[in-house]
Structure formats: C-alpha cells, structure tokens
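Chains as they are written, first to last, in my numbering: chain R, 1 to 326; chain P, 327 to 681. Quick reminder that beta carbons are idealized off the backbone N, C-alpha and C, glycines included. Take a look at the structure below.
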Amino acid sequence: MLTYALRRILIAVPTLFGITLVSFFMITLAPGDPASMQADQIQDTRMSIRVYEQLREYYGLDQPLPVRYWEWLKRLVTLDFGQSMTPDSRKVTAKIAERLPATLSLALLSLVLGFALAIPIGILSGARRNGWFDTLSSTVLYALYAIPSYVMAIPLILWFSIKWDLLPFQGMRSDHFEQLSPLAQAGDLASHFILITFCFTYGALAYQSRFVRQNLLEVFQQDYIVTARAKGVSESTVVLKHAFRNTLIPLVTLFGLSLPQILGGSVILEVMFNWPGIGRLFFESILQRDYPTIMALSFITAVLVLLGTLLADLAYGLVDPRVRYE
Amino acid sequence: MSELSQTQSPDRVLGRSIGRMAWERFRKNPRGMVGLCFILLMLALAFFSPLLANRQPIICKYQGAWYFPGVVDVIHNIPFASLVILKSPPFSRATFNAAQDLSPEEFAIWPLVPYGPKETSGRTLAPPCREHWLGTDQNGRDVLARMIYGCIVSIQVGIISMGIATLIGVILGAVAGFWGGWIDILISRFIEIVQCFPTFFLILAILAWLEPSIVNVMVVIGLTSWTSIARYTRGEFIRLLGQEYVLATRALGCHPERIMFKHILPNAIAPVLVTVTFGIAAAILSEAGLSWLGFGVQQPDPSWGNILRDAYDHLRSAPHLVYPPCIAIFLAVLSYNLVGDALRDAIDPRISRET
C-alpha cells in the first residue's frame with residue numbers, strides 16, 4: 001500500500017507544478033492589466049500615464065515575467081497569495097477566507113444530501129430492477145438531470161420567492177439578521193439555504209443514484225450473492241448486507257470526483273442567488289481584473305480537484321487491494 | 327472466394343457500411359429521433375429566421391416593382407453571400423420603415439412575426455397578447471422574434487466551439503496514442519493539468535481579458551473543452567494500434583501520418599463523436615450562462631442567455647419573460663444529450679441499453 005500511495009503522490013507532483021504554471025501564465029499573459037484599468041479612470045492623459053507607471057511599479061508589474069512567477073511561487077509555499085490589486089488592496093487570503101464558509105457549507109450540505117438520497121434510491125431501484133420504482137425514479141431523475149441548474153433556478157425563484165413569497169433568494173441572511181433571536185437566526189439561515197441547496201443537489205442525484213444502482217447490479221452477478229441466496233438468506237439481508245457493502249468502494253471515488261463539479265458550477269448560481277461564496281468572488285475579481293485573487297482562486301480550486309482525485313485513488317487502493325497491483 | 331464470404335458477417339455481404347448500420351440502429355431509438363428532430367427544427371429556425379421574424383416583408387410590391395427583402399436576408403445567412411447579393415434600396419436603408427412606408431393596398435407577404443429582434447416599440451414588458459405572442463421585454467422588443475434569432479447563436483456555438491475542440495482534441499489524442507513514449511506522457515500530463523481546472527473557471531478567466539463578443543466566447547469554449555475528446559481519441563488509438571490491419575499497413579510501409587489519419591482515425595471517430603455531441607450540449611449551456619453573466623452576446627443582439635438575463639432583471643414586473651428562454655435552453659440541451667445517448671447505443675451494440 002505504501003509504495004502504491006507514494007507512487008500515486010509522486011505522479012501528482014508534476015501536475016501540481018503544471019497547475020502553478022497554468023494559473024500564473026493564463027492570467028498574466030493576457031492583454032490589459034489592473035494598473036491600466038485603474039489609470040484609465042483618470043481623465044487627464046498625462047496624469048493617467050504617470051499614475052499607470054506608479055501603479056505598475058507598486059504592483060510589481062514592471063518586473064520581467066519569470067521574476068514575477070518566481071516571486072509568486074515563493075510566496076505560494078507559505079500560502080501567501082499577496083495583496084489584491086483592487087483599490088482597497090486587501091490581502092487575498094483574507095478575502096478568500098471570508099467567502100470560504102458560504103461555499104464550503106453549501107458544497108458539504110449538497111454532497112451529504114445528495115448521497116443520503118441517492119443511496120436509498122439506488123438500492124431500491126437496483127434491488128427490483130425494472131420494477132415500478134426503478135422506472136419511476138429513473139424517469140423523474142433523468143428529467144431533473146436534463147434541466148440545467150441555473151435554468152431551473154430562475155423559475156424556482158419566480159414561484160417560491162416572488163409569487164408565493166415563501167423563501168428569500170438574495171444572499172445568505174436577511175437584512176435584519178442581527179436583531180433576531182438565535183432560534184430565528186437559524187431559521188432565517190435555513191430558509192436562505194433551501195433554494196440554492198436544491199439547485200446544487202438535484203442534478204447530481206440522477207448520476208449518483210444510477211451509479212449506486214449500476215454497482216449493485218454488478219455485485220449481484222457475483223458468486224457469493226448466489227451462494228447467499230442459495231443458503232436461504234432473506235432478500236433484504238442479501239441486498240443490504242452482502243451486496244450494498246461492496247458497492248461502497250466505488251462510491252468513495254465518486255465522492256472525490258464530485259468536488260470539481262460543485263466548485264466549478266457555482267459561479268452562475270452564486271451570482272444568481274447573490275451568495276457570498278467563492279464563485280461570486282471569482283466573478284467579481286474577473287470584473288475588476290484582480291490578478292492575485294484570480295490566480296489564487298484558480299490555483300486553489302485546481303489543487304482541490306487534484307486532491308479529490310488523489311484521495312479517491314488512495315481510498316480505492318486502501319479498500320480494494322486488487323487496484324494496487326495493476 | 328466462397329470460403330471468404332462465409333467468414334464475413336452478413337452485414338458485410340450485404341455491403342452495408344458501419345455508418346449505415348449505426349444509422350439503422352439509431353433510427354429505431356425513439357428518444358434519439360425526437361432529439362434529432364428538435365435539433366433539425368432549431369437548425370431550420372436559425373437558417374430561416376428572417377422569414378419568420380422580420381421587420382420587412384418576405385415578398386412585396388413597392389412603387390410598381392417587386393422586392394424580396396426577407397429572401398435576401400435568408401441568403402445572407404450563407405457565409406460570404408452578402409458580398410455577392412446585395413439588398414436593393416429602399417430596403418437596404420436602416421431608416422426605411424417597411425410597416426409604415428408600404429401602402430396597405432399593395433401586395434406583400436409578411437412574416438409570422440412582423441418584428442425584428444432589435445426593433446423597439448413603446449409597449450414595454452407587455453404580457454403575451456395578439457401582437458406579441460410571447461410579450462415584449464424592457465425595451466419593447468418582441469420576445470418571440472428575439473427567441474427565433476437566439477437559435478442562430480446556439481447553433482453556431484455548437485458547431486464552431488466544438489469544431490475547434492474536436493480539432494485540438496483529435497490531433498493531441500491521436501499523436502499521444504500513436505507515438506506513445508515521452509510524447510504520450512507529455513500530452514497526457516497536459517490533459518490532466520487542464521482537467522484540474524473547472525471548465526467554467528477557465529473560460530471566465532480567459533474571457534476576462536478579451537472584448538466581450540460572441541466570437542471570443544465560441545473560441546474560448548472550444549479552446550477549453552477538448553480534454554475529454556483528446557482522452558477518448560488517445561484511448562481508441564491505443565486500442566486500434568494492436569489490430570492486425572494496422573500492422574499490415576505498417577508492413578506495407580505506409581507513412582505514419584497516413585496510418586494515423588487514413589486508417590486509424592476513421593475507426594476511432596465513432597466513440598469520439600458521442601463525446602462531441604455531449605460537448606455541444608455543454609457548450610450551449612456555457613454560452614447561455616456566459617451571456618447571462620454579460621460576457622457573451624452583447625445587447626441589443628439576442629441570445630437565449632441574455633434574454634434570460636432580461637427576464638431575471640424584471641422578475642417582479644414581467645414574470646412571463648422567464649419561460650421562453652428556460653424552455654428553449656432546456657430543450658436544446660436535452661435533445662443533444664438524447665442524440666448522444668442514442669448515438670452511443672447505435673455505435674456500440676455491445677453496450678446494451680438497459681444494464
């Protein structure tokens with residue numbers, strides 16, 4: 001196991017290096033920089049050129065690219081992403097840390113909710129293949145899966161928030177949040193979560209439950225299931241005890257691989273729901289051409305994706321020794 | 327000779343090609359056919375949009391002469407045709423208002439929707455009515471006309487961005503799979519690195535530095551969504567390299583490029599085609615999302631994404647604006663996915679439909 005893990009981690013090192021290259025050069029090689037954007041706001045041309053030169057020096061944009069890359073890399077090791085290039089010059093780490101809870105809580109909630117629903121649905125439809133529940137759930141889930149999340153979000157907002165005025169859809173908390181009692185605060189927070197969490201979760205549900213069902217059907221083909229049935233074990237024990245436990249292995253990988261979809265798909269939904277998360281921060285930084293924040297966010301998400309696949313592979317190797325010998 | 331034909335499959339004896347066999351299987355799949363029909367409908371809507379929604383008539387008589395302004399608009403949908411066939415005055419003048427200037431007695435065939443996609447009127451945010459079947463937006467533009475012209479963007483995005491992605495993906499995948507060794511390692515690493523970035527992040531990060539325009543959006547979507555195509559092509563190439571007929575072409579001394587593109591690629595293209603079909607659905611979705619965010623098609627040009635944005639901005643005052651773009655995006659994405667599913671089943675009959 002140790003050699004397998006080591007080999008797998010060593011393979012990830014050049015990928016990590018590649019990620020730093022792409023995050024840095026994709027953004028710095030592009031035309032137009034934050035200095036020129038801020039200087040353009042000044043009407044007087046001569047003034048604006050002088051401000052531009054000063055801003056370039058201030059942000060270190062006058063240095064040659066390899067030097068800037070090296071400097072960026074050196075700070076990266078200490079998880080320092082520098083200062084943001086917007087007029088407020090805040091630290092990028094602080095900016096991201098402030099937005100992280102909103103996205104992380106959403107991602108975790110939708111992952112847990114997704115699996116909590118997908119596993120029973122998958123087991124029920126796999127246990128009675130082509131039964132009425134199987135047909136119904138696969139039809140409904142396929143229809144849901146086909147509806148893109150932001151296309152679903154707008155009619156939901158229209159009906160639940162505007163026509164029936166049941167749920168809020170702007171931000172994470174109401175304006176009068178501070179004055180509420182702790183219990184009412186929790187309720188307020190929960191009501192803000194409902195719509196956006198639903199939009200985040202339903203799309204993956206079809207895929208996840210199909211995955212559980214598929215694996216269950218594959219396990220049913222195994223000899224030990226036939227043996228269990230032959231010795232007269234009840235059907236529910238066969239499904240839950242003998243079959244389902246072995247479908248958990250591929251589920252581990254699915255968990256790791258679901259991460260990028262949730263992180264990447266969040267920009268539009270977060271902007272739509274005015275959610276104070278990472279996706280909206282990315283969008284805002286792009287509008288302001290804030291180099292350090294864009295680079296930091298691209299780098300962090302890419303590393304998270306890399307970690308997700310790495311963890312999935314390692315977990316797979318841990319629970320299924322056959323993988324290691326491939 | 328008789329011995330040979332016995333070993334061949336009955337399909338070969340009948341002289342049916344793989345493509346034809348796949349099409350016959352595809353045709354039996356009702357869901358795939360529904361998807362295909364909707365895609366063809368979208369194509370027709372996009373191409374004939376000037377005949378369906380236009381501020382000028384299709385055919386009319388004006389001051390004693392015959393004019394075909396709508397027909398000329400359709401011809402202009404063909405690339406470069408606008409250089410050869412020009413619109414004749416007075417219809418070519420932007421200030422010419424056909425609805426007012428043509429006398430009602432004279433002969434004219436008007437399109438179903440007598441408004442252009444950018445034509446404003448005083449009636450803003452009107453609900454659906456007889457004159458405006460889907461209502462009007464905040465500038466008094468006819469939503470149905472904008473929806474019809476929005477088709478053009480969705481069709482173009484699918485073709486152009488996936489064309490670029492396929493070109494990059496197939497070349498990289500073919501080179502990696504065929505040559506193997508350090509070239510393969512290098513390309514595979516590169517694919518892995520690009521795949522670590524969520525596609526939408528990549529697209530946004532690149533678009534941020536470009537002028538917001540639909541051409542840029544299409545190119546950037548193409549430049550960022552080739553990874554799965556490359557992976558599939560590589561896998562197919564590695565699989566086919568082991569086949570005897572490839573060995574035979576090598577023994578015959580074929581040029582490597584010839585083996586790659588003439589002998590292996592045609593056999594590898596089928597599974598890649600499935601990926602491309604799903605890619606088109608994703609590209610349409612990305613474009614609509616980008617236009618919604620303000621990076622894609624710019625006002626006043628219509629796209630389903632920016633129609634959806636108008637709807638989002640006027641949810642309270644004009645809820646009827648929401649449904650047309652939502653339904654259109656949903657149906658477009660769904661039909662490409664259905665075609666992709668059906669194509670996969672048709673190409674590889676070994677994968678049974680219900681497993």
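By DSSP, does residue i sit in helix, in strand, or in coil?
i, result
"P/W508", "helix"
"P/A607", "helix"
"P/Y441", "coil"
"R/Q185", "helix"
"P/I435", "strand"
"R/W70", "helix"
"R/D290", "coil"
"R/I121", "helix"
"P/C386", "strand"
"P/T421", "coil"
"P/F563", "helix"
"R/T28", "helix"
"R/R86", "It is worth fixing the name first, because residue 86 of chain R is Thr in this sequence and not Arg. Three-state result, R/T86: coil."
"P/A379", "strand"
"P/K588", "helix"
"R/W275", "coil"
"R/T78", "coil"
"R/K91", "strand"
"R/T253", "helix"
"P/D671", "helix"
"R/W164", "coil"
"P/S331", "Note that P/S331 scores 45 on pLDDT, short of 50, meaning its location in the model is unreliable and no value can be drawn from it."
"P/T450", "coil"
"P/W392", "strand"
"R/D44", "coil"
"P/D468", "strand"
Ordered along the chain, which non-local residues of its own chain (more than five positions away) have a Cβ less than 6 Å from that of residue i?
i, result
"P/G282", "Since the first residue shown for chain P is 327 and the last is 681, residue 282 of chain P is missing from the structure and cannot be characterised."
"P/L460", "P454, V469, L470, P650"
"R/I96", "none"
"R/L6", "none"
"P/M327", "At P/M327, the pLDDT of 40 sits below 50, so the modelled position is not reliable; the number obtained from the coordinates is stated separately. Excluding positions up to five away in sequence, the list is empty."
"R/A228", "V238, H242"
"R/I249", "V319, D320"
Who are the near neighbours of residue i in its chain, counting only those whose CB is closer than 8 Å to its CB and skipping five residues on each side?
i, result
"P/S629", "G476, V479, S480, I540, E613, A614, S617, G622, V623"
"R/F198", "L156"
"R/S89", "Q83"
"R/E326", "Residue placement at R/E326 cannot be trusted, given a pLDDT of 49 that sits under 50; what the coordinates show is reported in the next sentence. So no residue of the chain qualifies."
"R/A146", "none"
CB-CB under 7 Å to residue i, same chain, minus the five flanking residues each way: which ones, in chain order?
i, result
"R/F220", "A243"
"P/H581", "none"
"P/D399", "P376, N380"
"R/M152", "C199"
"R/R99", "P276, G277, I278, L281"
"P/Y362", "Checking the sequence, you will find Leu at residue 362 of chain P rather than Tyr. Taken in chain order, the residues that qualify are V665."
"R/T103", "S266, G277, I278, G279"
"R/L166", "F160"
Run the CB neighbour count on residue i, radius 10 Å, all protein chains shown included, and call it buried at 16 or more, exposed below.
i, result
"P/L330", "Caution is warranted here: a pLDDT of 46 is assigned to P/L330, below 50, making its placement in the model unreliable, and the coordinate value is therefore given only provisionally. Its Cβ having fewer than 16 others within 10 Å, P/L330 is exposed."
"P/V572", "buried"
"P/W552", "buried"
"R/K74", "exposed"
"P/A668", "buried"
"P/V410", "exposed"
"R/R210", "buried"
"R/N133", "At residue 133 of chain R the sequence reads Phe, which differs from the Asn that was named. It counts as exposed."
"P/S643", "exposed"
"R/G203", "buried"
"R/N130", "exposed"
"P/N423", "exposed"
"P/E518", "buried"
"P/G390", "exposed"
Along the chain, which unbroken stretches of the alpha helix (DSSP H) at least 4 residues long are found entirely within the stretch 477 to 556 of chain P? 507 to 522, 525 to 533, 540 to 550
Pairs of beta-carbons, one from the stretch 291 to 310 of chain R and one from the stretch 520 to 529 of chain P, closer than 8 Å: are there three or more? In short, these stretches touch, since the Cβ pair count reaches three.
Is the stretch 491 to 502 of chain P close to the stretch 590 to 606 of chain P, with three or more CB pairs under 8 Å? yes
Going along the chain, which unbroken runs of the alpha helix (DSSP H) with 4 or more residues stay wholly within the stretch 591 to 667 of chain P? 591 to 619, 630 to 639
Evaluate the contact criterion for the stretch 282 to 293 of chain R versus the stretch 349 to 367 of chain P: three or more CB pairs, one atom per stretch, below 8 Å. Cβ pair count under 8 Å is below three, so no.
Within 8 Å, do at least three Cβ pairs link the stretch 119 to 137 of chain R to the stretch 175 to 194 of chain R? The stretch 175 to 194 of chain R vs the stretch 119 to 137 of chain R: no contact.
Contact between the stretch 378 to 398 of chain P and the stretch 441 to 450 of chain P: three or more CB pairs below 8 Å? Result yes; three or more Cβ-Cβ pairs closer than 8 Å.
Three CB pairs or more closer than 8 Å across the stretch 388 to 403 of chain P and the stretch 506 to 516 of chain P: no
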